[in-house]
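Chemist: Structure below; questions to follow.
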Amino acid sequence: MKARAKWRIAILVLFFFSLWQTGFFDPSRVAKIQNIGPFLAGMLPPDPTILPQVLSAIYETVVMAFAGTLMGGALGLILAVFSSRLLAPLPIMALFRTILALIRTIPAILWALIFVVIAGFGPFAGVLAITFYTTGYLGKLFYEAFDSVSSEVLEAVRGVGASRLQQLRFAILPESANYILSQLLFIFEYNVRASTIVGLVGAGGVGYLILALVQSLKYSGLLTAILILLAFVLAIDFISTKIRGRYFT
Amino acid sequence: MSSILEARNVWFTYDSRNYTLKDISLSIEAGKMYMVFGRSGAGKTTLLKILKGILKPSRGVVLFNGRPTTSIDTAKRAYSVIGYIPQGFGIVSNISVLDNVLVGALSRVPLLHSILGQFPKEERDRAEEILEIMGLAQFKYQKVSQLSGGQRQRVAIARALMQKPQIILADEFVSQLDPVTAIEVLDVFRRLADERGIATVITSHDIHLASRYADKVLVLRDGEFKLCRDGRSVSESDLIAAMRETFLESSR
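Respectively, the protein sequence lines represent chains A and B. Position 228 of the first sequence, counted from 1, bears residue number 228 in this note's numbering, the numbering being contiguous throughout. Position 167 of the second sequence, counted from 1, bears residue number 1167 in this note's numbering, the numbering being contiguous throughout.
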């Protein structure tokens, strides 16, 4: 048998094994798919009375995303300075890059769980979770941006006798500014969605409301929340893409 | 006249096998204009980087005011008074023209003040005066990205002047300019040499400018000086012959 055919069979076997392990061949579970009918029926029509509650929760989510993005951006910027090969000695650079990599390995929802345990339910824990996640992600993007500043510009600014901090202030930051702002906008847009997810573990915002609606079987209210959230996320994506396209390309 | 900067029997290699510069000796005197010609890859940029102190010679020595730049103090002193303009000018496109020029003063301004953008009044006045001389006064608050090629080049010269330089090294400086702007820029360098005693070393491909501006003309070929002559005594045909020889040799 050819090696390629062996691979195909191996992947197919693994696929069916995965389905079996996750209950796809269990008739009692498969039968539960029928519930989709009553669930969808329960969602209609969307419940308009819940609108004020949904809007207030979405407002909380956007505020969480904004605060977390700015705090994470600031922390990411500081860690990026120590992670840049142009600015930090090798051991410091290696240490801070490892810290950033470790922060990135933990997804936002796990950060949220950690902070819900530490600080209790509510948006405060959510903002901290978003901040940490954003720090790891933006820290990496920022130090990569610093390191790709034109070597000619750096040589010229070093050539006047500028110290490393002066090089950061007068060459590296201005040259990476557009990219930094563009990434901040992008991650804000992403964090609006992430803030919804972290809410599902009790860290405030519209996710928290969605969790409460599901637990109390208020599916028509759930549909209202999902529709309004969808409209908000699309609007924020649209505005952010426009701004990035116009000013930061 | 004694030299400010001198390369003495300098060799340089990037890969410890092939030498980019071979036994180069060059003495730079105040108020003189030097033009270095040579094909791409002849070692012109490497020579400027050695003179600036960005690269260290593999063999030989660079002397600043008679002292070897292997001493940290001398190297620092040399670094601060040698202006270096790389091929693409190395200006920061996202800050204003004035800030780019003030960058030239960074080594003289206390760290915290410079980080906060607080430059002493005398440095600001000096920057404004240089912008006036370079014909850039009306653009001082504009971002460099909004300027033309010739204007950017003048910003690069202004920044080098802000260093209070004794020497300016400019790499492929007029190659990217239209003939009129090229002549205007070289006029500025000639004036700086004559009026302020600033020595300039310019690498270029434009041989027709040599006899008009250079006090000394050098041709670099395969890392060695093959022609080193008084600017006024060199004809375009001498240079063309030297360049053609370069072409024939390297295409063999």
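Think of the CB as a built atom: it goes at the ideal place given N, C-alpha and C, for glycine as much as any other residue. Since this is a predicted model, take the numbers as computed values, not measurements.
Counting pairs of beta carbons, one from the stretch 1009 to 1024 of chain B and one from the stretch 79 to 94 of chain A, are three or more of them closer than 8 Å?
Modeler: no
Chemist: Quick one, which residues of the stretch 1065 to 1092 of chain B are near chain A if we go by CB-CB under 9 Å, in chain order?
Modeler: K1076, Y1079, S1080, I1082, G1083, Y1084, I1085, P1086, Q1087, G1088, F1089, G1090, I1091 and V1092
Chemist: Helix, strand or coil for S1250/B per DSSP?
Modeler: Caution applies to S1250/B, whose pLDDT of 49 falls short of 50 and renders its modelled position unreliable; the value that the coordinates give is listed next. DSSP places S1250/B in helix when its eight states are reduced to three.
Chemist: By the DSSP assignment, the alpha helix (DSSP H) with T1069/B in it spans what residues?
Modeler: No alpha helix (DSSP H) holds T1069/B; DSSP gives it neither H nor E.
Chemist: Could you confirm whether any beta carbon from chain A is found closer than 8 Å to the beta carbon of K1052/B?
Modeler: yes
Chemist: Which one or two residues does DSSP pair with S148/A in a beta bridge?
Modeler: In DSSP, S148/A forms no bridge with anything.
Chemist: Distance check for F1119/B and S240/A, CA to CA, integer angstroms please.
Modeler: 36 Å
Chemist: Where R169/A and H1113/B are concerned, what is the direct C-alpha to C-alpha distance, given to the nearest angstrom?
Modeler: The alpha-carbon atoms of R169/A and H1113/B are separated by roughly 12 Å.
Chemist: Locate the beta strand (DSSP E) running through L1063/B, then write down its first and last residues.
Modeler: It spans R1059 to F1064 - the beta strand (DSSP E) in which L1063/B sits, taken as one unbroken run.
Chemist: Under 9 Å between beta-carbons, which chain A residues line up against V1103/B? List them in chain order, please.
Modeler: A156, V157, V160, A162, Q166, F170 and A171
Chemist: Compile a chain-ordered list of the residues in the stretch 70 to 100 of chain A whose CB is closer than 7 Å to at least one CB of chain B.
Modeler: none
Chemist: What in chain A is Cβ-close to L1209/B, meaning under 9 Å?
Modeler: In chain order: nothing, as chain A lies at least about 23 Å away.
Chemist: Anything in the stretch 170 to 190 of chain A with a Cβ closer than 8 Å to a Cβ of chain B? List those residues in chain order, please.
Modeler: F170, A171, P174, E175, A177 and N178
Chemist: Let me check understanding here. Comparing Cα to Cα, which of L1063/B, I1207/B and V1155/B lies closest to L1098/B?
Modeler: V1155/B
Chemist: So that I know if they touch, is there some Cβ in chain B lying closer than 8 Å to that of E152/A?
Modeler: So, interface residue.
Chemist: Give me the Cβ distance between L1169/B and I1091/B, rounded to the nearest whole Å; I'm assuming they're in contact under 8 Å.
Modeler: Their Cβ separation, rounded to whole angstroms, is 16 Å, which puts L1169/B and I1091/B out of contact at 8 Å.
Chemist: Check whether the Cβ of I1183/B lies closer than 8 Å to any Cβ atom in chain A.
Modeler: no
Chemist: Under 8 Å between C-beta atoms, does Q1163/B make it to chain A?
Modeler: yes
Chemist: Could you name the residues of chain A that S1114/B contacts, counting a contact when the two beta carbons are closer than 9 Å?
Modeler: A162, S163, L165, Q166, R169 and F170
Chemist: Can you look up R158/A in the DSSP assignment and give me helix, strand or coil?
Modeler: Three-state result, R158/A: helix.
Chemist: With a CB to CB cut of under 6 Å and the five nearest residues on each side skipped, what residues in its chain are close to S1093/B?
Modeler: V1144 and S1145
Chemist: Across which residues does DSSP place Y1019/B in a beta bridge pair?
Modeler: Residue pairing for Y1019/B: DSSP places it in a beta bridge opposite T1013/B.
Chemist: Using 10 angstroms around the beta-carbon of E1236/B, count the other beta-carbons present and answer buried if the total reaches 16, otherwise exposed.
Modeler: exposed
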